[in-house]
Each structure stands twice: as C-alpha cells, then as structure tokens.
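Colleague: Sending over a structure as structure tokens; questions will come in a sec.
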Amino acid sequence: MSRTPSKNDVRRVGIASLMGTTIEYYDFFIYGTAAALVFGTVFFPNSDPVTGTLLSLATFGVAFVARPLGGVVFGHFGDRVGRKVTLVTTLVMMGAATVATGLIPSYGTIGIAAPILLVVLRFIQGIALGGEYGGAVLMTVEHSPKGKRGFYSSWVQTGAQCGLIVANIVFLVVGAAMGDDAFLSWGWRVPFWISSLLVILGLIIRLRLEESPEFEALRKSHVVSPAPALVVLRRHKMAVLLIAGAAVGNSVTFYSATVFGLSYGSNHGFTRIQMLVIIIAAAVWVIAASIFFGALSDRVGRKQIFITGNLAIAVTAYGWMRAFDTENQAVVLVAYLVMLTGYSMTWGTIGVFFAEAFDGAVRYTGLSIGFTLGVVLGGAVTPLVLTKLVADMDSGLPVVLWIAASTVTSALCALSVRQIDAPSRRSGADHVARNASLH
Numbered sequence: 004m005s006r007t008p009s010k011n012d013v014r015r016v017g018i019a020s021l022m023g024t025t026i027e028y029y030d031f032f033i034y035g036t037a038a039a040l041v042f043g044t045v046f047f048p049n050s051d052p053v054t055g056t057l058l059s060l061a062t063f064g065v066a067f068v069a070r071p072l073g074g075v076v077f078g079h080f081g082d083r084v085g086r087k088v089t090l091v092t093t094l095v096m097m098g099a100a101t102v103a104t105g106l107i108p109s110y111g112t113i114g115i116a117a118p119i120l121l122v123v124l125r126f127i128q129g130i131a132l133g134g135e136y137g138g139a140v141l142m143t144v145e146h147s148p149k150g151k152r153g154f155y156s157s158w159v160q161t162g163a164q165c166g167l168i169v170a171n172i173v174f175l176v177v178g179a180a181m182g183d184d185a186f187l188s189w190g191w192r193v194p195f196w197i198s199s200l201l202v203i204l205g206l207i208i209r210l211r212l213e214e215s216p217e218f219e220a221l222r223k224s225h226v227v228s229p230a231p232a233l234v235v236l237r238r239h240k241m242a243v244l245l246i247a248g249a250a251v252g253n254s255v256t257f258y259s260a261t262v263f264g265l266s267y268g269s270n271h272g273f274t275r276i277q278m279l280v281i282i283i284a285a286a287v288w289v290i291a292a293s294i295f296f297g298a299l300s301d302r303v304g305r306k307q308i309f310i311t312g313n314l315a316i317a318v319t320a321y322g323w324m325r326a327f328d329t330e331n332q333a334v335v336l337v338a339y340l341v342m343l344t345g346y347s348m349t350w351g352t353i354g355v356f357f358a359e360a361f362d363g364a365v366r367y368t369g370l371s372i373g374f375t376l377g378v379v380l381g382g383a384v385t386p387l388v389l390t391k392l393v394a395d396m397d398s399g400l401p402v403v404l405w406i407a408a409s410t411v412t413s414a415l416c417a418l419s420v421r422q423i424d425a426p427s428r429r430s431g432a433d434h435v436a437r438n439a440s441l442h
C-alpha cells in the first residue's frame, strides 16, 4: 500500500504542477502570439497580409497534429515508467524547441529553409505538449484526497492561462519598448529566448516531485501494463472517442478567443496592445473562475458543470463576436468575460472529468490520447478556418456557428462519458486489484 499524501504534499504537488505547466504553455503560446502578429511578415514576406497570416496560422496548427503522437508516446512511458520522468522529458523537449525557434533566421536570410525549420520545431513542441498535459493532471489528481480532486486539479488547468498571461505580457512589454521595425526585425525573438531561463526553473521544480502514489502501488505490485495503448484501444476505445468529442468545444472556444480573436481584433479597429490587454485580463478571470468551478465540481459533479459550460458558450458566442463591431475596448472585454465564464466551467473540470474515465494502469495513455485528439479536432484548424471564412464572407456569423456547433457537440458527447473512478478515492491495494483485472 502506498503512503497517503499529506495536505502539504498535495499542495506542493499542485503548485509544482501548476508552475511546470505554466512554463510549457508559455512556450506553446508565444508561438501562437508570434504567428498572429509577426510570422506572416518574417517567414512569408512574399504573400499579401491575409495570406501571410493564414500561412503562419497554418504552421501554428502543425503542433496540434503532433499532439496525439505525443499523447501515445508519452502516455505509454507515463503508464510504464512513471509520471515524473515523463514530465521532465516533455519539459526539456518543449524548451529546446522554443529557444531554437527564436534562433531561426528570417526568410530573407535563408529562404525556404526558414519556414521549414519553423514547422519542424513546431511539430516538436506539439509532441512535447501532447505528452505533458496528462502527466501534470494525473500527478495532482493521484495525490489528492477524495473530496478535493476537482479543486486541486483545477490549479493545473490554470497553468494554460498563466502561460498565456506571461506570454502576452512579455510580448506586450517587448512590443511597447521598441518600434515596429525593431520588433519585426529581432524583438519578437526575445520571448523565445526567455524560455531557456524558465525551463531551468521548471526542471528544478519537477525533479523535486515525488512519484504518484497510485503509480507506485501499481509498480510495486508488478501490474503495470506492458502495452497501455493496446489496452486502451481494446477496452476503452469508446471512452477515448467520447472524450475526444467532449474536448472539441473547449479547444475551439479557447483558440477562437485567443489566436483568432487577437488577429481579428488587430485588423478591426484595435491596436495589438489593446487586444493583448483584453486577452490578459480575460485570462485572469478564467484562472479565478476555473478554480471556483473545479472546487464546485467536488460537490455537484464534474459532468453537470462541464455540460452546462459548453451550452453557455454556445449561447454567448454571438454577443462576443458582435462586440468587435463596437470598436470599444471595454465592450469587447465584457464580452470576453461573459463567454469565457462558460469556458471556465469546462476548463476547470475537464482534467479530472476525463482522468476519472480510466483506471490507473492506463490512465495516462487514455487521458492523453482522448484529450489530444479533441484538441486536434477543435484547435488545429480553428484560427485558420475562421480567418478564411471571415475574409471570404465578410461576416462574423460563421465564427458564431462554428463555436456553437462544437460546444453543443461536446455537451452531447460528455453526456455519455462514464466516470469509472469517480469520486471515491480507494486505497492503493484496491487500485491494484482493480487494475490487475485489465491484464
């Protein structure tokens, strides 16, 4: 039987997972911000502004294609050798790819090799993040007491918003400190270089973590699955597909509000700095709201809050899109806060909701594959498709319909997700006995 983590242990793991996830998402999001603001000019200078933006957003989507691969590969190692070592590996991969992106010469210097290198490094980022998310969630969930899983796992979820905030603040400061010419020439590289310092900090934090007590119980009892991906595909295929569908709306909403919203707003009456301020303020709101709804899920259930949040997004998407027509920063900010309240209901509960759909022996793999597939379906093409639709139709209605269709679909999928490990927290011996039946 594994040692029961103390309250301080749980808090320490929660904070460490939050900080590590923040760093990984910082690395991931500075690319998205740069793609929306400068990559079209730096790496696709021979294209018109709209085409350049579309091409740069296409490279942004490459990471989403790679994320399921990362989920399979690192899910395997996470369920075979442990959560901790996998989290350390993904952090190093992400940091190395990010710093290297900041070192790529422009198209004017090395020609077609520049965008090729951009795509390769973005692919590596996607593999790393695809393997990181499940491990960060599980380290917290598997350390948490039975009535606090939703609360503590929501800390990890907010790492995405913390990373987004830090990424946008860095871009905001760098952009404000220099003129547009200097920013396009070399200033955009600074946020990528900063990643090297953050990765060192993240490694120090993650190397000090103890392994998940549930995984330790499985390993000591020699019931760790030799091929967790095969077990998932054989016994949990429907759970993976339902989770993928349930994750689509959350991903569509996030990347509509951030990457597409930043690009759209910057081309429709708002300055780059105004849009960054709006997104930063909205992210702060999401952090607070996600923790609230995560804690609430410990009382009323994950599924109820998750489904309600998706439906709320569908209802409020129209007001968010119409707010841009006012060209009023305060109105747009309020519209962001309203729509992202629904998003917070889904994001604050999504990690623990999905984790509880699998047993411990295959949880890393099942969660990672299902979630990353949903992210691909929802996030990979959303900024690209929405930018193209708006340009062709000169209307924001396709954006509203895209968001509403995805979130309603996710709500329907979530209805059928069965949480086989919720909400009780069994002893290590009980977990071992249950997981042994899978093999």
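Using the numbering used here, you'd call the opening residue of the sequence shown number 4 and step up by one each time. Using N, Cα and C, we set each Cβ at its ideal position, and we do this for glycine too.
1. Please tell me whether residue 367 and residue 55 are closer than 8 Å, where the distance is taken between their beta carbons.
2. In terms of alpha-carbon separation, which member of 166, 35, 121, 36 lies closest to residue 47?
3. Rounded to whole angstroms, what is the Cα-Cα separation between residue 323 and residue 218?
4. Which residues in the same chain as residue 110 place their Cβ atom closer than 6 Å to its Cβ, once the five residues preceding and following it in sequence are excluded?
5. Might you give, ordered along the chain, the residues of its own chain that have their beta carbon closer than 8 Å to the beta carbon of residue 83, omitting 5 neighbours on each side?
6. Name the two residues that bound the continuous alpha helix (DSSP H) containing residue 181.
7. Rounded to whole angstroms, what is the Cα-Cα separation between residue 262 and residue 172?
8. At the level of alpha carbons, what is the spacing between residue 291 and residue 279?
9. Over the uninterrupted alpha helix (DSSP H) stretch that includes residue 423, give me the two end residues.
10. Compute the Euclidean distance between the alpha carbons of residue 59 and residue 392, then round it to the nearest angstrom.
11. On a CA-only basis, which of 360, 341, 386 is nearest residue 374? Give me that one, please.
12. With a Cβ-Cβ cutoff of 8 Å, do residue 90 and residue 206 count as a contact?
13. So, using beta-carbon positions, are residue 153 and residue 305 closer together than 8 Å?
14. By the three-class DSSP mapping on this structure, what secondary structure does residue 51 have?
15. Under the three-state reduction of DSSP, which class applies to residue 229: helix, strand or coil?
16. Hey, which unbroken runs of the beta strand (DSSP E) at 3 residues or more fall wholly within the region 228–307?
17. At which residues does the alpha helix (DSSP H) containing residue 85 begin and terminate?
18. Starting from residue 216, follow the alpha helix (DSSP H) in both directions and report where the run begins and ends.
19. From what residue to what residue does the alpha helix (DSSP H) around residue 126 run?
20. Under a three-way DSSP split, which group does residue 328 fall into?
21. Which same chain residues end up closer than 6 Å to residue 338 when comparing Cβ atoms and leaving out the 5 residues on each side of it in sequence?
22. Check whether the Cβ atoms of residue 50 and residue 355 sit closer than 8 Å, and answer yes or no.
23. Thinking just about the alpha-carbon of each residue, which of 370, 187, 309 is nearest to the one in residue 247?
24. Compare the C-alpha of residue 74 against each of 85, 204, 132, 87 and name the closest.
25. Taking three-plus beta-carbon pairs below 8 Å as touching, is the region 338–348 in contact with the region 208–225?
26. What three-state label does DSSP hand residue 21 in the structure shown?
27. Assuming residue 255 and residue 382 are in contact, meaning their beta carbons sit under 8 Å apart, how far apart are those beta carbons, in whole angstroms?
28. In terms of residue numbering, what span does the alpha helix (DSSP H) encompassing residue 194 cover?
29. Quick one, are the C-beta atoms of residue 308 and residue 299 less than 8 Å apart?
30. Would you give the residue range spanned by the alpha helix (DSSP H) that residue 395 belongs to?
31. With DSSP run on the structure shown, which of helix, strand or coil describes residue 362?
32. Cα separation between residue 441 and residue 273?
33. Starting from residue 43, follow the alpha helix (DSSP H) in both directions and report where the run begins and ends.
34. Give the single residue among 223, 397, 135 whose Cα lies nearest to the Cα of residue 76.
35. Of all Cβ atoms in chain B, is any one closer than 8 Å to the Cβ of residue 355?
36. Rounded to a whole number of angstroms, what is the C-alpha to C-alpha distance between residue 319 and residue 285?
Modeller: The relevant details are as follows:
1. Here residue 367 refers to the residue found at position 364 of the sequence shown. Here residue 55 refers to the residue found at position 52 of the sequence shown. In this structure, residue 55 does not lie closer than 8 Å to residue 367 by Cβ.
2. Translated into positions along the sequence shown, residue 47 becomes position 44. Comparing Cα-Cα distances from residue 47 to each of 166, 35, 121, 36, the minimum goes to 121.
3. Within the sequence shown, residue 323 is the residue found at index 320, counting from 1. Within the sequence shown, residue 218 is the residue found at index 215, counting from 1. Spanning the two alpha carbons is a distance of roughly 43 Å.
4. The residue labelled residue 110 in the question sits at position 107 within the sequence shown. Cβ within range, chain order: 46, 48, 117.
5. The residue you call residue 83 lines up with position 80 of the sequence shown. Taken in chain order, the residues that qualify are 227, 228, 229, 231.
6. Numbered from its first residue, the sequence shown carries residue 181 at position 178. Run containing residue 181: none; DSSP gives neither H nor E here.
7. In the sequence shown, counting from the first residue as 1, residue 262 sits at position 259. In the sequence shown, counting from the first residue as 1, residue 172 sits at position 169. For residue 262 and residue 172, the distance between alpha carbons rounds to 15 Å.
8. One-based indexing of the sequence shown puts residue 291 at position 288. One-based indexing of the sequence shown puts residue 279 at position 276. Straight-line Cα distance between these residues: approximately 19 Å.
9. As a position in the sequence shown, residue 423 is number 420, starting the count at 1. It is not in any alpha helix (DSSP H) - residue 423 carries neither H nor E in the DSSP assignment.
10. Position 56 of the sequence shown, counted from the first residue, corresponds to residue 59. Position 389 of the sequence shown, counted from the first residue, corresponds to residue 392. When rounded, the distance between both Cα atoms is 16 Å.
11. Stepping through the sequence shown from its first residue, residue 374 is reached at position 371. Residue 360 is the option with its Cα nearest to residue 374.
12. As a first step, residue 90 must be located in the sequence shown, where it is residue number 87. As a first step, residue 206 must be located in the sequence shown, where it is residue number 203. Not closer than 8 Å, so no.
13. On the sequence shown, residue 153 is found 150 positions in, with the first residue counted as 1. On the sequence shown, residue 305 is found 302 positions in, with the first residue counted as 1. Yes, the pair counts as a contact, with Cβ atoms nearer than the cut-off.
14. Sequence index remark: in the sequence shown, residue 51 carries index 48 (1-based). In the structure shown, residue 51 sits in coil (DSSP, three-state: anything other than H, G, I, E or B).
15. In the sequence shown, the residue the question calls residue 229 occupies position 226. In the structure shown, the three-state DSSP call for residue 229 is coil.
16. Those beta strand (DSSP E) runs which fall completely within the region 228–307 and span 3+ residues do not exist here.
17. Here the question's residue 85 lines up with position 82 in the sequence shown. Careful: residue 85 lies outside any alpha helix (DSSP H) and carries neither H nor E.
18. Here the question's residue 216 lines up with position 213 in the sequence shown. Here the alpha helix (DSSP H) through residue 216 covers 216–223.
19. Within the sequence shown, residue 126 is the residue found at index 123, counting from 1. Looking at the DSSP string, the run of the alpha helix (DSSP H) that includes residue 126 is 116–144.
20. Along the sequence shown, one-based indexing puts residue 328 at 325. Correct three-state label for residue 328: helix.
21. Counting from one through the sequence shown, the residue named residue 338 turns up at place 335. Answer for residue 338: 322, 323, 326, listed in chain order.
22. In the sequence shown, residue 50 corresponds to position 47, counting from 1. In the sequence shown, residue 355 corresponds to position 352, counting from 1. It is not a contact, given that the beta carbons lie outside the stated cut-off.
23. Counting from one through the sequence shown, the residue named residue 247 turns up at place 244. Comparing Cα positions, the closest option is 370.
24. Numbered from its first residue, the sequence shown carries residue 74 at position 71. In terms of CA proximity to residue 74, 132 leads the group 85, 204, 132, 87.
25. The region 338–348 makes no contact with the region 208–225; the number of CB pairs closer than 8 Å stays below 3.
26. What you label residue 21 is simply residue 18 of the sequence shown in a count that begins at 1. Residue 21 falls in the helix class under three-state DSSP.
27. Here residue 255 refers to the residue found at position 252 when the sequence shown is read from its first residue. Here residue 382 refers to the residue found at position 379 when the sequence shown is read from its first residue. Correct: roughly 7 Å between the Cβ atoms.
28. Here residue 194 refers to the residue found at position 191 when the sequence shown is read from its first residue. First-last of the alpha helix (DSSP H) with residue 194: 193–210.
29. The sequence position of residue 308 within the sequence shown is 305, counting from 1. The sequence position of residue 299 within the sequence shown is 296, counting from 1. Yes, the Cβ-Cβ distance between residue 308 and residue 299 is below 8 Å.
30. If you number the sequence shown from 1, residue 395 lands on position 392. First-last of the alpha helix (DSSP H) with residue 395: 385–396.
31. Here the question's residue 362 lines up with position 359 in the sequence shown. Note: residue 362 maps to coil in three-state DSSP.
32. Sequence index remark: in the sequence shown, residue 441 carries index 438 (1-based). Sequence index remark: in the sequence shown, residue 273 carries index 270 (1-based). At residue 441, the pLDDT of 38 sits below 50, so the modelled position is not reliable; the number obtained from the coordinates is stated separately. Taking the straight line from one Cα to the other gives about 55 Å.
33. Indexing the sequence shown from 1 puts residue 43 at position 40. Note, residue 43: alpha helix (DSSP H), 42–46.
34. Locating residue 76 in the sequence shown gives position 73, where the first residue counts as 1. Per the Cα distances, 135.
35. No chain B appears in the structure shown, which is made up of a single protein chain.
36. Here residue 319 is taken as the residue at index 316 of the sequence shown, counted from 1. Here residue 285 is taken as the residue at index 282 of the sequence shown, counted from 1. Rounded to whole angstroms, residue 319 to residue 285 spans 15 Å at the Cα level.
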